[in-house]
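Engineer: Quick one: structure below, then a few questions.
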Amino acid sequence: MTDEEPGAEEPDDSPSGAGVHASGPRSASVGTNYGTVKTGDEWFLNVVPGTRLDHAAVQLASGIRARLEREIGRRKLHSPEPIRVRWSRTGRPVQARAEVLGLEQHGLRGDVTEISALIRTLPKRQAVVLGKPGSGKSVLALLLARDLLSEPRPDQPVPVLLSLSSWRPRITLRSWMVRRIAELQPELADRREFGRNAVARLVDAGRVMPVLDGLDELPRELHAHAIEAIEQTVGEGVPLLVTCRTTEYEESVKETGGYLTKAAVIELEPVEYTAAISFLDRSQPAGQHRWDPVFDHLRAAPESVLGRALSKPLMLDLARAAYRSPGTDPGELTKIGSQDRLESHLLERFVPTVYAEDPGCRYRPGKARRWLAFIARQMQAHDTVDFAWWQIESGITGLLGALVYGAVGGWFVARLWGADAGVVLGGLAALLVFAARRFARAGIGSLFLTDDAPRGLRSVLFRYLVLDVLLAGAVAALIGFGAWSWLRGEVRAPSDAVRDLSIALAAGVGCASLFNSPWGSYQVSRAWLGLTNQLPWRLMRFLDDAHDRGVLRQTGVVHQFRHIRLREELSGSLRKPGPYKGAADAVNWSTRSQLRRKILLFAMPPAVQLWTLSVGLVAIIFPTLFTADDAPLDYSSGDRPLERVEYVCADVGPDSYSPSCTEVRFLDWRLRTPHSVQRTDLKMAEPKGGTKPISAFAGRLEATGCAGASIEVTMIVQGMASRFVMAAGDADRAQERTRLPRPVEPVGVQASTTLRRLDQEPCETQLSWRFPGVHFDDWAGIRQRLEAESRGAS
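In the UniProt record's numbering, the protein residues as written are 1 to 794.
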């Protein structure tokens with residue numbers, strides 16, 4: 001099994017109470033002795049005992065049948081009957097020759113009620129359904145799947161209706177089908193009841209019939225890829241139905257030469273005016289004659305604007321829905337002189353009609369249309385036909401997240417360096433977080449993972465909340481501990497101030513991290529969009545309600561508008577979806593890619609925040625470290641060291657005759673014999689550091705000469721001593737070796753050095769002090785500020 005292929009094939013002969021027998025991989029043969037039983041609203045196959053895989057097939061058929069019946073009820077396809085859309089063999093050059101498909105004696109004519117019979121009688125049992133926009137392709141696919149399950153046959157796999165709009169070639173079509181079916185029927189993940197990878201084994205055994213709707217809803221450049229993937233994935237003898245717009249399929253075949261070699265191709269015909277009249281007449285109560293002006297118009301002018309519009313099943317169904325109320329007048333349709341205007345009129349009336357006809361509806365038509373329009377614009381912005389709740393993100397989310405983090409960083413810096421520095425660094429932090437967030441979003445998109453999808457919104461949000469809280473806590477603990485270590489060890493601030501400041505910083509960073517997390521971003525976006533009335537507060541309830549009313553349809557974990565034309569009308573755009581964007585990209589990753597992106601999804605916000613804090617602190621601390629003044633020390637009394645000066649020069653350019661030189665001053669002590677001692681008093685001129693206290697000696701110490709020699713060095717300033725040992729060959733910054741237990745005031749400075757050899761080596765060694773001097777405390781201002789606050793608090 002590869003990382004891209006979930007569910008390797010696994011033989012499973014464990015007995016179960018249901019039985020549909022598969023003869024092997026890619027085989028479509030199934031066992032006999034089964035029929036259909038209905039219990040309440042549940043449909044299932046009643047079969048003889050068999051394997052756990054047989055039981056999985058029964059479970060899948062039962063769940064799919066129930067789902068299809070609900071969808072047909074939502075769309076009112078049997079109120080009172082489906083539109084009689086007729087189909088016939090295509091005359092376009094988009095299929096194999098008739099003798100190759102075994103169609104020499106096949107008439108290939110019928111209507112939507114006969115599509116299941118077509119699939120069963122085709123020699124290769126595969127078909128492509130072509131039609132113009134709004135011609136009823138999706139309804140035909142829906143009715144086919146339901147009809148096949150209503151009258152199961154011994155050689156029939158389970159038909160599963162899948163929307164092709166969400167497939168992308170980064171994973172195989174087989175893997176995509178497995179994941180989509182697993183989303184539709186999550187119960188099949190029960191290993192104890194169905195065995196491991198039940199869905200994958202059903203697909204591999206040829207016991208699933210793909211009913212693939214909407215090939216044209218893929219980006220145009222993927223049409224040929226999809227046709228090739230279907231051809232390679234669906235084996236000989238496995239039934240198949242694919243729907244596509246006529247123009248898109250024909251253009252793909254002409255451009256690439258690729259087509260489905262085992263599929264007969266049929267085309268949907270426009271609805272005849274007599275069928276349209278019959279459909280509308282049967283949809284109104286007996287004794288009503290509101291539609292008579294429309295019927296008279298159609299009989300008199302079948303090719304009129306109204307006749308052409310109502311020859312499309314979509315517009316015919318919208319007309320029925322828009323004028324269902326007794327208070328409406330369908331006759332006004334005869335007065336609209338443009339087909340585009342007439343179709344837009346029907347689309348505009350659809351949403352207000354389906355919401356206004358229910359007096360107890362919690363959503364007013366105006367608000368429902370506004371919210372649906374926002375959803376349509378979101379889909380258009382993502383260049384997708386899918387709407388996924390996890391992609392919701394308002395423009396204010398990134399700005400607020402950056403401001404929250406900037407406020408936390410600015411507050412911390414203001415406590416240490418003052419208000420001016422806090423404003424500067426807070427603004428810098430906000431800017432960096434905002435820029436990094438936008439960069440990250442552009443690189444990884446709005447992330448969500450298929451593995452989590454079947455769990456539902458509440459479960460997924462809870463899982464994300466837990467992960468985000470853990471990560472935010474880890475970031476808070478890391479930042480808090482770092483601040484405590486630095487303030488206590490380097491700054492040497494009062495312990496109570498260090499404790500309070502570290503805890504407050506950790507809490508602020510944790511809240512900012514949670515605010516900027518995926519869970520936080522979703523909650524902020526949802527709250528903002530609810531406050532601004534762009535979306536309802538309870539989004540999922542609204543989506544479910546729109547689904548029940550037939551405005552939306554649900555495919556897997558995403559929602560789609562029932563008709564693309566409706567989405568285009570609501571979004572105000574007729575632009576088709578572009579390539580490789582939207583929810584499809586968010587839910588179709590390989591297993592390895594899912595793991596990488598899941599890690600990236602949760603690690604990105606804290607990583608951005610840590611990076612921003614580091615950059616901000618370096619921006620303040622770096623100048624402090626390299627602009628501090630050290631005061632030089634000169635010989636005063638005692639053992640006199642050798643004083644020397646060296647010049648380090650560097651050419652400033654190839655034609656330069658006056659190189660730039662730096663004066664380097666040294667004090668050298670020579671200890672010629674074992675146990676020798678030298679003591680020297682030093683004096684300091686007026687300190688350049690002003691009132692800053694002294695925290696250490698400055699410069700660089702280096703021991704050279706006698707191998708094996710060791711020198712005990714004692715350096716004292718203002719009575720505070722530092723003592724350490726250096727061996728021959730050692731070199732180090734004096735500041736690292738001579739840090740005082742506590743800083744001392746730079747008034748009347750008295751300093752001394754005492755050098756004592758500890759070894760027995762009979763040779764001379766030397767200690768050199770480069771840039772001899774004292775180092776002023778870089779953090780005195782912070783310490784004094786915190787000490788003052790501590791005294792004030794006490």
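Heads up, the beta-carbon is just placed ideally off N, CA and C, and yes, glycines get one too.
With a 10 Å radius around its C-beta and 16 neighbouring C-beta atoms as the bar for buried, classify Leu531 as buried or exposed.
Structural biologist: Leu531 should be labelled exposed.
Engineer: Between which two residues does the alpha helix (DSSP H) holding His345 run?
Structural biologist: Gln339 to Ala356 is the extent of the alpha helix (DSSP H) around His345.
Engineer: Which complete beta strand (DSSP E) runs does the UniProt domain "NACHT" (126-276) hold, if anything under 3 residues is left out?
Structural biologist: Counting only runs of 3 or more, we get 126-131, 158-163, 208-213, 240-245 and 264-268.
Engineer: In terms of residues, what are the limits of the alpha helix (DSSP H) holding Glu736?
Structural biologist: Start and end: Ala734 to Arg737.
Engineer: Is Arg146 buried or exposed, if buried means 16 or more other CB atoms sit within 10 Å of its CB?
Structural biologist: Buried, since its Cβ has 16 or more Cβ neighbours within 10 Å.
Engineer: Mapping DSSP to helix, strand and coil, what is Lys312?
Structural biologist: DSSP places Lys312 in coil when its eight states are reduced to three.
Engineer: Put Thr397 into one of helix, strand or coil per three-state DSSP.
Structural biologist: Helix.
Engineer: Hey, Phe434 and Gly480 are a contact pair by Cβ (cut 8 Å); roughly how many whole angstroms apart?
Structural biologist: Actually they are not in contact, since the Cβ atoms of Phe434 and Gly480 sit about 24 Å apart, beyond 8 Å.
Engineer: Using the C-alpha atoms, what's the distance from Ala436 back to residue 878?
Structural biologist: Outside the modelled stretch of the chain, which goes from 1 to 794, sits residue 878, for which no answer is possible.
Engineer: Near residue 795, what residues of its chain come up, given a Cβ to Cβ distance below 6 Å and the 5 sequence neighbours on each side ignored?
Structural biologist: Given that the chain is displayed from residue 1 to residue 794, the structure contains no residue 795 and the question cannot be resolved.
Engineer: Can you list, in chain order, the residues of its chain whose CB lies under 7 Å from that of Thr90, leaving out five sequence neighbours each side?
Structural biologist: These residues qualify, in order along the chain: Leu130, Val265, Ile266 and Glu267.
Engineer: Provide the residue span of the beta strand (DSSP E) that contains Glu71, from first to last.
Structural biologist: First-last for Glu71: Arg52 to Arg75, but that is the alpha helix (DSSP H), not the beta strand (DSSP E).
Engineer: Given a cut-off of 8 Å on the beta-carbon distance, is the pair Gly708 and Ala731 in contact?
Structural biologist: Contact: no.
Engineer: What are the partner residues of Arg679, as DSSP defines its beta bridges?
Structural biologist: The partner list for Arg679 (beta bridge, DSSP) reads Thr754.
Engineer: Go to Pro365, then tell me how far its alpha helix (DSSP H) extends in each direction, as first and last residue.
Structural biologist: Start and end: Pro365 to Ala381.
Engineer: Just how far apart, CA to CA, sit Glu789 and Ala430?
Structural biologist: One C-alpha to the other measures close to 27 Å.
Engineer: When the distance is taken between beta carbons, is Arg565 closer than 8 Å to Leu218?
Structural biologist: Result no, Cβ atoms of Leu218 and Arg565 do not sit closer than 8 Å.
Engineer: Is Ala56 near Leu184, with beta carbons less than 8 Å apart?
Structural biologist: Against a cut-off of 8 Å, the Cβ pair of Leu184 and Ala56 comes out as no contact.
Engineer: Note down the Cα distance separating Cys706 from Arg415, rounded to an integer number of angstroms.
Structural biologist: Taking the straight line from one Cα to the other gives about 51 Å.
Engineer: Give the DSSP-derived three-state secondary structure of Leu740 in the structure shown.
Structural biologist: Three-state result, Leu740: coil.
Engineer: Would you call the stretch 223-243 in contact with the stretch 163-182, where contact means no fewer than 3 C-beta pairs closer than 8 Å?
Structural biologist: Yes, they touch.
Engineer: For Val30 and Arg75, what's the separation of their Cα atoms in angstroms?
Structural biologist: Reliability fails at Val30, whose pLDDT of 38 lies under 50, so the model's placement of it is uncertain and the value that follows must be treated cautiously. Going from the Cα of Val30 to the Cα of Arg75 covers about 33 Å.
Engineer: Would you kindly check if the distance between the Cβ of Ser571 and the Cβ of Arg377 is under 8 Å?
Structural biologist: Contact flag set, yes.
Engineer: Kindly identify the DSSP beta-bridge partner or partners of Val664.
Structural biologist: The partner list for Val664 (beta bridge, DSSP) reads Glu646.
Engineer: Give the secondary structure of Glu702 by DSSP, where H, G and I count as helix, E and B as strand, and everything else as coil.
Structural biologist: DSSP places Glu702 in strand when its eight states are reduced to three.
Engineer: By the 10 Å Cβ neighbour count, where 16 or more other Cβ atoms means buried, how is Ala507 classified, buried or exposed?
Structural biologist: Flag for Ala507 reads exposed.
Engineer: Grab the span of the alpha helix (DSSP H) containing Thr121 for me, first residue to last.
Structural biologist: Its alpha helix (DSSP H) spans residues Ile115 to Thr121.
Engineer: Tell me which residue opens and which closes the beta strand (DSSP E) that Trp519 is part of.
Structural biologist: Trp519 -> not in any beta strand (DSSP E); alpha helix (DSSP H) instead, spanning Pro518 to Leu531.
Engineer: In this structure, how does DSSP classify Ala322 when only helix, strand and coil are distinguished?
Structural biologist: Looking at Ala322 - three-state DSSP - the assignment turns out to be helix.
Engineer: Here's the rule I'm using: 16 or more other beta-carbon atoms within 10 Å means buried, otherwise exposed. How should Ser495 be labelled?
Structural biologist: Under this definition Ser495 is an exposed residue.
Engineer: Output needed for Pro775: all residues of its chain with C-beta closer than 8 Å, excluding positions within five of it in sequence on either side, in chain order.
Structural biologist: This sequence places His at residue 775; Pro is not what is there. The residues are Ala628, Asp630, Ile694, Ser695, Ala696, Phe697, Ala698, Ala734 and Gln735.
Engineer: Just the C-alpha distance for Val558 and Val408, rounded to the nearest angstrom, thanks.
Structural biologist: Answer to the nearest angstrom: the Cα atoms are 37 Å apart.
Engineer: Just to confirm the assignment, what range does the beta strand (DSSP E) spanning Ile716 have?
Structural biologist: Ser710 to Val717 is the span of the beta strand (DSSP E), which, as asked, contains Ile716.
Engineer: State buried or exposed for Met315, treating a residue as buried only when at least 16 other CB atoms are found within 10 Å of its CB.
Structural biologist: Met315 is buried by the Cβ-count criterion.
Engineer: For the alpha helix (DSSP H) that Asp730 lies in, which residues bound it at each end?
Structural biologist: No alpha helix (DSSP H) holds Asp730; DSSP gives it neither H nor E.
Engineer: Could you work out which residue in Met209, Ile503 and Ala300 is closest to Val238 when comparing CA atoms only?
Structural biologist: Closest option to Val238, Cα to Cα, is Met209.
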